[in-house]
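Residue numbers (the working numbering), protein chains in the order written: chain A, 1 to 551; chain B, 552 to 1102. No residue lacks a Cβ here, since even glycine has one placed at the ideal position from N, Cα and C.
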């Protein structure tokens, strides 16, 4: 449980890689698009990394050991390192270079709220900052202190030991502690015949507490809702006391306090427990791939699907650039018959005027009873045909489902080859969506070009609503040696500025963190920001919780 | 627009009455259940009511006239009276008796946010309290000051002139000013082929701002959600500035500020505008009445319907007492053939062991495309049959739809006949629902009996969710002469205590107001309440907005 066995320099399981060699067109495609020069980006040897010595005063360390037990304290290098930053491109670069500016001094694993309250007290007495830690998959800088002063040290408070689950079979709810990882929670819920329906890309390594603190979205959230929509009640330990909201389906008793803590990113308190809505495991799951002539036609189709009152669990529409990339990065089947069939399909699509090289691929997944799945598929496919979509059958959806948690491993492979790659996401109304898409893609590409390298920006619509959708951008280029962080920051800034200038939100599901906190005032206004600051002053008056994060 | 033409002593349109004379069994049923003695409860003559003279300092009055125009100021008796209290039973009694303790001194109708900000400033300078006013249909005492000091006077700020609407046809959203009444908003939205789907019982006389400020639920909210679920963004004018949230379908950029103002009941600011999710007008609407042998069987059925993943727009399940009341209060058809058919149905039901005298009536309404309506009806009816429900066809649903906004008129008729009648509502999870129902009904009846009169408590499930439902109680008895308010308060207290002791919420859709504010701490805890108080101190530092309401 304690010693992490995950990659300290990248994503997930060290045994797992995303191998581009099985994908015959992958390298030639990337080389052509990005103008690669064969440079590699290495990973420093762990032994060469020197973290500053732990700042913790010995009495504090002893108190923590007394409180939680020696076995629930870690001060070794790997633990400190992996708890000191997240997994954005900037974080990965600094992991590879071994440049951790303000590492945490200690990692502590409390097992209950009383220990958390004691840790708060000790931290206040010793002028320490506390960084709540779930799965560590943040891509917004929410784990890393930018400066140490005025603190004497930094404590990472890892919730992983708090991972119990209770199921209410009658009300279809799960009450779980915040430190539980995605797979453990979903498995327990499945055992009762239910699903939570929450599958963020970080699913395997992220926790319930992290999801709630950052308003996470799952890949099936078009049907099941974002985590804040599944949230019925929570318990939160703040330095000013404990709050527990009521487990009722809805209430008119004042403001909804759940929605103050969901999105608070560990700055107002530590969410220790939550009760969430469950769903029956679907009896039937159906999928369809559809190829449109262009992104625009696909957008019209998914808008109409969402506004028709049905809710597929996945509606993932790639723009022309991403569709081409998916096509060029596909693996070769070991089955010759399949390869022949594939070629026949491409020939046929070409005759119909459709191509993966300049079309837009839509994946649809439907879940429910067989009757619901059939009805939703029928309605959706009728709408897709209306906008010129051609069905590709169920195999694209099935491949995607199989590979969906593997994508983050590709990032490590690309990084090995000195490719900058990261993602940005936003959401807006349908009315503004295409304008925002064009503007943001243009801004990202332009910012990349300013570093004298070729840009490749892939976009898809990841989550849809009747009133709008989320746009997810993956930007890539050749890495600018010795300017990796500056290059990445400049591109991100261009993208986010463009989101905010075009009516998009600062983030639909990654959160704000420290990397995007400069934009928060633009997002919620001066008064909005002062409301969050005022909540912070009340609930964490000595500013010990994740200081300078979010606000 | 300005001079109200509504009943000053009761509900709605003075031309409209709910006549029990057309309902052949109504009086004998009520006489038998309640032990009536023929006493009447009169309404004081308007001329006999003497409101205290307006406290407003003349300079303030002049400033308001300068600001908004003479024609947008009212100080006449009816305007002051109708803006000074709501429409709970307690309010209706005091209207009939002409006992208005702290009437507002003036009613002002601003037309924009600048005027609202000026009114705040003037109020602060002259030590006046401001009561925001929408449609005046509150049943929680949220319009009435309990004491005047330390204020010099009270201003009712009526939003009705702020009633514009814009529709975004592409994103299916409506942006409307807060003073718009239900029918005007729905009509405008309908004109574009859409529906908001929000039909609270007060629909005809309540406003968007009131709905948002109190977290209102509509009768179709099982499908369309409560108003806070439809809310995309809002603008709110507070004494500390203006906040506008972003019109995006979802966001991960910090706490959701919408949900702080929804439910703030005019204490943190005045909501001036909101953008809401719309839906296509349903192509098809289907309904079914179903009779179960008992409430318990019906509960099992609607729980299973909601958990199957479908969402009928209405699932209204009456307990045995309410089912009998609906039956006894039904009107006689003028069509003899219909009456004969009805008798044949009763005979048949009786043979099947079902009766309206001790069964549970469920109304189901389905909305959507014909395919969706058919599928949902099929799934629902299969589940109902599983729990012994017998279909009554579509006529019960149709009659209910026709009469659904008429119920509040019945209250006036009952009051005329010296019957105490009011409602209380809560929500809880399915796991606790039946225990709460039995406990609360018992407490209500016992509290009524302590006044030496016979109780009649009707209950239905008004809104359902996959994890639970809302319970709606209508309690009645003979009025205790000269102790009307004490009797009513004691019964309400017994009901609410029982809700909170049995895991129910203080309110699912009426709100807290002043009548229920004593229970707020029990509902959200000491820290929860201090969060609301802290928000209040920040946003309304001089406590001019609806003082002592909610908190």
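Think of a sphere of 8 angstroms around the beta carbon of residue 1085 of chain B: the chain A residues whose beta carbon falls inside it are 534, 535 and 538, in chain order.
Residue 691 of chain B sits in coil when the DSSP states are folded into three classes, being neither helix nor strand. If you draw a 10 Å sphere on the C-beta of residue 101 of chain A, you find fewer than 16 other C-beta atoms in it, and that means exposed. Close to chain B, meaning a Cβ-Cβ distance shorter than 8 angstroms, are the following residues of the region 361-384 of chain A: 368, 369, 371, 372, 375, 378 and 379. Fully enclosed beta strand (DSSP E) runs of no fewer than 3 residues occupy 106-108 of the region 37-121 of chain A, in order along the chain.
Fewer than three pairs of CB atoms, one per stretch, sit closer than 8 angstroms, so the region 914-927 of chain B makes no contact with the region 876-888 of chain B.
Secondary structure of residue 712 of chain B (DSSP, three-state): coil.
Contact between the region 354-367 of chain A and the region 395-413 of chain A is present, with at least three C-beta pairs closer than 8 angstroms. In the same chain as residue 995 of chain B, and ignoring 5 residues on each side of it, the C-beta atoms closer than 8 angstroms to its own belong to 975, 1006, 1008, 1024, 1026, 1042, 1045, 1046 and 1049, in chain order.
Between residue 275 of chain A and residue 233 of chain A, the C-beta spacing is below 9 angstroms. A Cβ-Cβ contact shorter than 9 angstroms links residue 279 of chain A with residue 1017 of chain B. When secondary structure is reduced to three states using DSSP, residue 947 of chain B falls in the helix class.
Any Cβ of chain B closer than 9 angstroms to the Cβ of residue 116 of chain A would place that residue at the interface, and such an atom is absent. For residue 1002 of chain B, the three-state secondary structure derived from DSSP is coil.
Restricted to the region 311-371 of chain A, the alpha helix (DSSP H) segments that are unbroken, complete and at least 4 residues in length are 320-328 and 336-351, listed in chain order.
Excluding its 5 nearest sequence neighbours in each direction, residue 512 of chain A has C-beta neighbours in its own chain below 7 angstroms: 140, 265, 506, 520 and 550, listed in chain order.
Within chain A, the residues placing a beta-carbon under 7 angstroms from that of residue 1059 of chain B are 250, 251 and 252, ordered along the chain. In the structure shown, residue 719 of chain B falls within a strand segment according to DSSP collapsed to helix, strand and coil. Of the other Cβ atoms in all chains shown, fewer than 16 fall within 10 Å of the Cβ of residue 357 of chain A; this residue is therefore exposed. With fewer than 16 other beta carbons inside 10 angstroms of its own, residue 44 of chain A counts as exposed. At least one CB of chain A lies nearer than 9 angstroms to the CB of residue 809 of chain B. At a cut-off of 9 angstroms between C-beta atoms, residue 505 of chain A counts as an interface residue with respect to chain B. Per DSSP, the continuous alpha helix (DSSP H) segment holding residue 733 of chain B begins and ends at 733-742.
According to the DSSP secondary-structure assignment, residue 478 of chain A is paired through a beta bridge with A:419. Runs of the beta strand (DSSP E) lying entirely within the region 191-245 of chain A, each at least 3 residues long, are 231-238 and 241-244 in chain order. Where residue 847 of chain B is concerned, the enclosing alpha helix (DSSP H) starts and stops at 846-858. According to the DSSP assignment, residue 532 of chain A belongs to the alpha helix (DSSP H) that extends over 520-539.
Setting aside the 5 residues that flank it on each side, residue 306 of chain A is surrounded in the same chain by 464, 465 and 466, each with a C-beta closer than 7 angstroms to its C-beta; the list follows chain order.
Collapsing the DSSP output to three states places residue 988 of chain B in a helix.
Contact with chain B is found for residue 512 of chain A, since one of that chain's Cβ atoms lies less than 9 angstroms from the residue's Cβ. Beta-bridge pairing by DSSP links residue 468 of chain A to A:429.
Residues of the region 37-54 of chain A with a C-beta atom less than 7 angstroms from some C-beta of chain B do not occur.
Residue pairing by DSSP places residue 843 of chain B opposite B:911 in a beta bridge. Chain A places no beta carbon closer than 9 angstroms to that of residue 1095 of chain B, leaving this residue out of the contacts. Using beta-carbon distances, residue 350 of chain A does not count as an interface residue toward chain B, since no partner is under 9 angstroms.
Of all residues in the region 307-326 of chain A, those with a C-beta nearer than 9 angstroms to a C-beta of chain B are 307, 308, 309 and 310, reading in chain order.
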